[in-house]
Amino acid sequence: MSDKPTIDQKLSNNIKQYGLQVLHVMADDTGPGFSYSIGLFESYGHPEIIIIGLKQQLAHKLINNMANDVKKGKIYTSLKYEAGILDNFNCYLIKVEKSN
Numbered sequence: 436m437s438d439k440p441t442i443d444q445k446l447s448n449n450i451k452q453y454g455l456q457v458l459h460v461m462a463d464d465t466g467p468g469f470s471y472s473i474g475l476f477e478s479y480g481h482p483e484i485i486i487i488g489l490k491q492q493l494a495h496k497l498i499n500n501m502a503n504d505v506k507k508g509k510i511y512t513s514l515k516y517e518a519g520i521l522d523n524f525n526c527y528l529i530k531v532e533k534s535n
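Under our numbering, the first residue of the sequence shown carries the number 436, and numbering increases by one thereafter.
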C-alpha cells in the first residue's frame, strides 16, 4: 500500500488549506478549454467559478484573485458586469445550470 495521497485526498487537503482547488480541462474537438474552482461553496457558501476560453495560467490567476475577494466577503452575482476582475475589461457573469 502506498503512502502517496490519492487525487481525492490532495483535492480535499487543498480545499481545507486554501479554501478551494482550481482544475483545468484542455480544449478538444468538442469545445474550448476551461478552468474551474472546487471548494468555494463548501468553504464559503459561494458558487463555484468557471472561466472558459482563456489560457490556463491566466484563468487560474483570475479564479484565485476572485476567490481571495470571496474570502474577504465579496459575493459575485450572475447577470451582472464586474469591472475589477480583469484590468481594462468588464466581465459579464452568468449562472451555469447544474446540468452542465
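Yeah, the Cβ is synthetic: ideal placement off N, Cα and C, and Gly gets one too.
### Query
If you run the structure through DSSP and keep just helix, strand and coil, what is His481?
Locating residue 481 in the sequence shown gives position 46, counting from the first residue. DSSP places His481 in coil when its eight states are reduced to three.
### Query
How would you label Ser513, buried or exposed, when you count the other beta carbons within 10 angstroms and need 16 or more for buried?
On the sequence shown, position 78 is the one that residue 513 refers to. It counts as exposed.
### Query
In the structure shown, what three-state DSSP assignment does Ile510 receive?
Taking the first residue of the sequence shown as position 1, residue 510 is located at position 75. DSSP places Ile510 in the coil class of the three-state scheme, outside both helix and strand.
### Whether Phe469 touches Ile487 by CB criterion (8 Å)
Position 34 of the sequence shown holds residue 469. Position 52 of the sequence shown holds residue 487. Cβ atoms of Phe469 and Ile487: closer than 8 Å.
### Task
Give every residue of the same chain whose Cβ lies closer than 7 Å to the Cβ of Tyr527, excluding the five residues on either side of it in the sequence, and list them in chain order.
Locating residue 527 in the sequence shown gives position 92, where the first residue counts as 1. Closer than 7 Å at the Cβ level, and outside the excluded window around Tyr527, lie Tyr516.
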